[in-house]
Structure formats: C-alpha cells, structure tokens
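So the protein lines, in turn, are chains A and B.
Here this note's numbering is used: position 224 in the first sequence is 207, and no number is missing along the way.
One rule links them: number in this note's numbering = place in the second sequence (from 1) + 11.
Cβ coordinates follow ideal geometry from the N, Cα and C atoms, glycine included.
Small disclaimer: the values here were computed from a predicted structure and weren't measured.
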Amino acid sequence: MEGKGKGYTTTIEGLKELFEELKKDYKVIAPTLKDGVILYKEVGSFENIAFGYRNTEAPGFYSLEKAEGYFTYTHPANSPKSFLHPPELTLIKAKASQEGLVFEEVYPEDKMCLFDLRACDLWAIKILDRVFLEDPYYQRLRSNLFLVAVECTYATLTCFCKTMEKGPVPKEGYDLLITELEGRFLIRAGSKKGEELLVSLKTKREAKKEDFEEREKKIRALEEAMESFFNIREVPQKLYSRMDSSYWEPVEKRCLACTSCTQVCPTCFCFDILEKNTIDLRESERVRVWDSCFSPSFATVHRFNLRQSIHSRYRQWLMHKFAYWIDQFDTFGCVGCGRCITWCPVGIDIRQEVKRIAG
Amino acid sequence: MKVGVFKFSSCDGCQLAFFELEEELLELSRIISVEYFLEASSSNRWEHFDLAFVEGSISTKEEEERIKKIRESSKLLVAIGACAVSGGIQSARNFEDFSQVYSSVYSYKHYETNHYSKPVGDFVEVDFELRGCPINKESLKELIGAIIQGRSFQMPSYPLCLECKRKGNPCVVVAHGLSCLGPITLAGCGALCPSYKRGCYGCYGPIEKPNLEALEEGYRRLGKDERALKESLILSFNAYNKNWRGQI
Chain A
-16 MEGKGKGYTT TIEGLKELFE ELKKDYKVIA PTLKDGVILY KEVGSFENIA
34 FGYRNTEAPG FYSLEKAEGY FTYTHPANSP KSFLHPPELT LIKAKASQEG
84 LVFEEVYPED KMCLFDLRAC DLWAIKILDR VFLEDPYYQR LRSNLFLVAV
134 ECTYATLTCF CKTMEKGPVP KEGYDLLITE LEGRFLIRAG SKKGEELLVS
184 LKTKREAKKE DFEEREKKIR ALEEAMESFF NIREVPQKLY SRMDSSYWEP
234 VEKRCLACTS CTQVCPTCFC FDILEKNTID LRESERVRVW DSCFSPSFAT
284 VHRFNLRQSI HSRYRQWLMH KFAYWIDQFD TFGCVGCGRC ITWCPVGIDI
334 RQEVKRIAG
Chain B
12 MKVGVFKFSS CDGCQLAFFE LEEELLELSR IISVEYFLEA SSSNRWEHFD
62 LAFVEGSIST KEEEERIKKI RESSKLLVAI GACAVSGGIQ SARNFEDFSQ
112 VYSSVYSYKH YETNHYSKPV GDFVEVDFEL RGCPINKESL KELIGAIIQG
162 RSFQMPSYPL CLECKRKGNP CVVVAHGLSC LGPITLAGCG ALCPSYKRGC
212 YGCYGPIEKP NLEALEEGYR RLGKDERALK ESLILSFNAY NKNWRGQI
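This is how it looks when you write it as structure tokens:
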C-alpha cells in the first residue's frame, strides 16, 4: 500500500518541523533512551528521540549499540498498550458528602500522538480496538490519537511479524507513514488529518520514482531476510487437537509464571479492578490495573485456583493468543513483535513452543 | 478495638511502619485503642486484644511460650515482616551447623537460644501476614482498613514482576544481566529495587509454589550456578518460609 495521496520526501529538519507541529496539539509519545533501553515515553523535544541506536534482541537478551541513521532500532521495550490501556487507571471516584455518596466518572482526556509506531504495534492497536470496542475509557483515548508509523528496515532475532502476517510493512491505520531512505525520509499520509498535516509542512518535496524504488528495495530485502517460523493458518486447528496436558508439561520446568510476557505483550488486555478507600470511608477510588493469566489468583474462584499448574496457565495464554482469540475477536492475539521472547527472564521462545506443540 | 504490638527476635524496623501512618493516626485513634506497644508507650496493659501485631521470629524457649500467650489473648493475630512470616535473616543458621554458627559469633556459651529461628506460624495460628523487610505502611493501612470496615484484605498473591511491569520497568535480568528474585517473590513493595536498576533480593518472600527449577535455569543463563542461587535465597530473609520448605 502506497498510502493515500502523494508521497513527499524530507530531511531530518523536516521531521523536526513535523514533530513541532504535532506537539502543538498532542502529547507526543516516542521512543526514548532510558537506562540503556528504548522505551515509549512522552518526549518534550525532538532531540530526545532515541535516533541512531540499534537494539539486538534474542530470547531473554537485549542490548543497544550506536548505529548509522535515525530509525535504526525496531520497536521500544514497552508498547502503545501502556498509553491506551494504562497499567493503572482510575475509573470512578466516590466521595461522602452531606447529600450522600457522590460518584464521579474520571475519563482520561489526553490527546496523544504515538510517534514512530511499527507494523506490529499498529496491528496491536487494531486488535485492542476490537477488545475495547465498548470501553469508554479506551475509546476516549483512542479517538484523540494521532499515529505516525515508521517502516522497519531491520528485524531482530525475536521479530516474527512476517510469520504472523502482520508486517514488516504497515498496511493501514496510520495517519502518517515514514520510511528512512539514504539521507532523506519518504513520508506518506494514510488519513485525512495526516494528509492535511503533511501538506502544511514547509520542508518537503514531492517524492519521485527513485524514492519509491529505493524504498521498495529496502523493504524487499528485509522481507526476504525474515524467516517464516510456521504456517499460521494451520496453527489454530492443530492447537485445538493438542489440549492434552502431555503437550504442555515440558513448559512446567522452565516457566516461572512471572507474568512478564503478558505485561510486555501489546495486546494482552486482562485487568483487575481494585477498590481503594480511605480508613474513614469518606473517599473511594475504583482503579483498573493490569492483571495476568499467569497470576495465581487469576483463575481463583471461591478460593480455589482452577489453574494450579504453571503449564495449565501457559496453555491458557498460548491458546488464547493463537486459537481462542480468533473465536473471540476474529483475529490472532499475536502480532509477532517478539517482546514476550526477548523479555522472558528465562528466554522461553513462543515460536518454538508453537512449533513443538502444533508441529 | 483493642490493639497490641509485640516484638520477638527482630530489629524493631517493622514497628516503625505504625509511626509512619501519620495522616491516619488521628482517625485511627478514634477507632482503636493501643493497649500494648512497648516501642510507643510506657503504659502497657495485657488483658485481651482484638488485634495483635507480632514482629520477629521465634528463636528461644521463652519466645515459644510468649507467642502462645499472645495467641490465647487475641482474637486476630497478624505476623508482620520477614522475621515473623519466615524466620528472618537469622534463619540463615537453619541451613548451617548450629554450633559452628554459634561459636563463630560468641566465644563462650552464654546465651540460651534455639538451633532454629522459626516463623510465628510454626507455633500458633496466624490470621494475616504482612510481608517485607520491613513491611510498608500501605499494606498496614490496607489491613487495618479491611478489618475496621469488615471487608476482605486485598493483598497481591502474584510475583513482583507484575508490579514491576505495571510501573513500566524493563526487566533488569534481560536489560542489565542482573540476578533478580522478582519472578518468585511476592509483590507488594512497589518494585523498589528494580526501579533503581537493582535486582530484587526477595525480602517479601516467596510466592506460593515458587518454581525453583526454572529459577536455576535463569541463574545458569546469567552464568551463575546453583550455589549462587541458594546463597541469594538463604540471604533473602525468607529462606525458611513455608513455601520453600524442603526445597532449599
């Protein structure tokens, strides 16, 4: 997909101009460097974006080094989920007053721009859109969102968006799409508001045939370099035929049930609701917090945990991502970003588990 | 509500959490009456307690008797901190030859002490546990609130990693190659150490059914052997916790 309307090329100064324009209307979230890790964070200045770093990732391994260019990394360690489905979100506040209890619904009012979103995370947002279809809190944040996507020209050892058919090329859902070429950037719009902003930029020129050809070459090279780990179309049915615990028990010895995979996953949406009140009971808050199917209390009903073994929790998670999710939301729950592989402290590789179980 | 705060083999640190409840103290004083609290008051009464907080491990014969007396006098008993919940750092001796440990500290037989330092729960029934070394005031506030309001006590049963990720920390094991007991340690501290780029050393004690085999694999990946893991568990103040018994 070439994006709607014409393409333009610009320089790094042009991107800075774009950033400044976005900052006028939005809280801009972009990849930044923190303690040797690239993370999505609100950024105040264009210079704070983690340009020129390359992340090396492998199962349970992460490192960064300097690289030539700008968008040289893949995606940050955290995902857009942290902003659209925040880890802790106050939903309702209640206060005791003379007239009785007064309830106040608290809606997040942030107008956010996610700057530098890759194909995997763009898809993850599309999946969250289905999950939180009727959630007013998510919808409030979502409706004010501006999305600047960037095409990857590099994949780490844990990336598998190609296998999941979600990347590496961002297909839709962005407002603007940037591709880094030699010494310049190709920008295309994917929405009306993206088009309007792009047209208003001063530092740009219309993209030529050579610009598109160079882009094509870069993307092709990446697509060819990326491995296909399994045939995704066959996976759900095969998994349904392998529910028996003997397929899952080998995970029991290796998985800590630490919940990290579900927390770094851009689509895992499970949450818990907490009531936090003051001792005098005059004020109370209802807070939504991230939960995980690996948590021992997750499947606890009437004090009995239905999933006592770690492998039964792992089965729930993997089956949800690769099978149940399709019945529930008509899409896989996995976008192939590989975060669960990189950030597993013992390096469990979900691709290898899918291959082993559904192979 | 009559409250007592008691101390056994411990450093007194957990009791300080009561003094940190500054904002709530006024409100609390309307509802509860502190009957016995040696660290806070010189006037103490020991009759009957609706709620007893116990700090410290049981490590002498005298303590064994005293904890039973407290249990008999109390409706609800709460073990506070790693010593009361698991046996504390002093339970490191449970994994060594006692006479050697003793003679490495004292040159002559002077003190009568048990060979093992044990948690309160090994001697009497415990109604609630507050984890940590020391406990934090948030969990204390939550427990007191739950009891006063007659609702259930909301405490994490999940590992620290969940709390750590909610805070937005990248895993210190993966990002910095640090050994971290977070995956098998109960949440509740607010992921204090990993938030400052340090591995968790387990002061909140183990989750239910910690996966030791997987943790060994995790340590091996960092180039650390089983001995290093065992040592960090024994020094976690919680090695003698019931969730570890028979495993370490």
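At a cut-off of 9 angstroms between beta carbons, A/Gly83 makes no contact with chain B. The three-state reading of DSSP puts A/Pro151 in coil, since its state is none of H, G, I, E or B. An exposed status is given to A/Gln311, since fewer than 16 other beta-carbon atoms sit within 10 Å of its beta-carbon.
In the DSSP secondary-structure assignment, B/Pro170 is bridged to B/Leu197. In this structure, A/Lys6 is the residue among A/Lys6, A/Leu47, A/Cys276 and A/Thr139 with its C-alpha nearest to the C-alpha of A/Gly27.
Residue pairing by DSSP places A/Trp273 opposite A/Phe254 in a beta bridge. With 16 or more neighbouring CB atoms inside 10 Å of its own CB, A/Gly319 falls in the buried class. In this structure, the beta-carbon distance from A/Glu71 to A/Trp273 falls below 9 angstroms.
For A/Cys244, the closest C-alpha among the options A/Gly342, A/Ile170, A/Ile324 and A/Lys191 is that of A/Ile324.
Taking 9 angstroms as the cut-off, the beta carbon of B/Gly193 is found no closer than this to the beta carbon of A/Asn61. Per DSSP, B/Gly92 is one residue of the alpha helix (DSSP H) stretching across Gly92 to Ser97.
A/Asn260 is bridged by DSSP to A/Ser267. Scanning its chain for C-beta atoms nearer than 8 angstroms, with the 5 sequence neighbours on each side dropped, one finds around B/Val135 the residues Ile78, Lys79, Ile81, Arg82 and Leu88, in chain order.
Across the set B/Leu171, B/Lys241, B/Ser54 and B/Leu154, the C-alpha of B/Leu171 shows the shortest separation from the C-alpha of A/Leu239. The Cβ atoms of A/Thr146 and A/Arg290 lie no closer than 9 angstroms to each other. By the CB criterion at 9 angstroms, B/Leu32 and B/Leu151 fall inside the cutoff. Looking at the backbone, the Cα of B/Glu74 and that of B/Phe19 are separated by about 7 angstroms. Beta-carbon to beta-carbon, B/Gly213 and B/Asn254 are separated by about 11 angstroms, too far to satisfy the 8 angstroms threshold.
Under the Cβ criterion of 9 angstroms, A/Lys304 is not counted among the residues facing chain B. Residue range Ser44 to Phe48 is occupied by the beta strand (DSSP E) that includes B/Ser44. When DSSP states are grouped into helix, strand and coil, A/Met95 belongs to the strand group. At least 9 angstroms separates the CB of A/Glu(-4) from every CB of chain B. Distance from the Cα of B/Val183 is smallest, within the candidate group A/Thr73, A/Asp332 and A/Trp326, for A/Trp326.
Our two residues, A/Pro151 and A/Ile202, have alpha carbons roughly 8 angstroms apart in a direct line.
Within the stretch 152 to 176 of chain B, contact with chain A at the beta-carbon level (separation under 9 angstroms) is assigned to Lys152, Glu153, Ile155, Gly156, Ile159, Gln160, Arg162, Gln165, Pro167, Ser168, Tyr169, Pro170, Leu171, Cys172, Leu173, Cys175 and Lys176. Around the beta-carbon of A/Phe66, 16 or more other beta-carbon atoms lie within 10 Å, marking it buried. For A/Leu239, the three-state secondary structure derived from DSSP is coil. Between A/Cys248 and B/His126, the alpha-carbon positions lie close to 48 angstroms from each other. Taking C-beta atoms as the reference points, B/Ile91 and B/Leu39 fail to come closer than 9 angstroms. Remark: C-beta atoms of A/Ala107 and A/Lys64 approach each other more closely than 9 angstroms. When the alpha-carbon of A/Lys192 is set against those of A/Thr186, A/Lys185 and A/Lys200, the nearest one is in A/Lys200.
Using a Cβ distance threshold of 9 angstroms, A/Arg171 and A/Leu184 do not count as a contacting pair. Shown here, A/Arg286 sits in coil according to DSSP, grouped into three states, outside any helix or strand.
Residue B/Pro181 holds the alpha-carbon nearest to the alpha-carbon of B/Cys204 among B/Tyr119, B/Ala95 and B/Pro181. By the C-beta criterion, the stretch 39 to 46 of chain A is judged to be in contact with the stretch 132 to 145 of chain A, since at least 3 inter-stretch pairs fall below 8 angstroms. Taking B/Lys235 as the centre and dropping the five residues before and after it, the same chain places the C-beta of Ser190 closer than 8 angstroms to its C-beta, in chain order.
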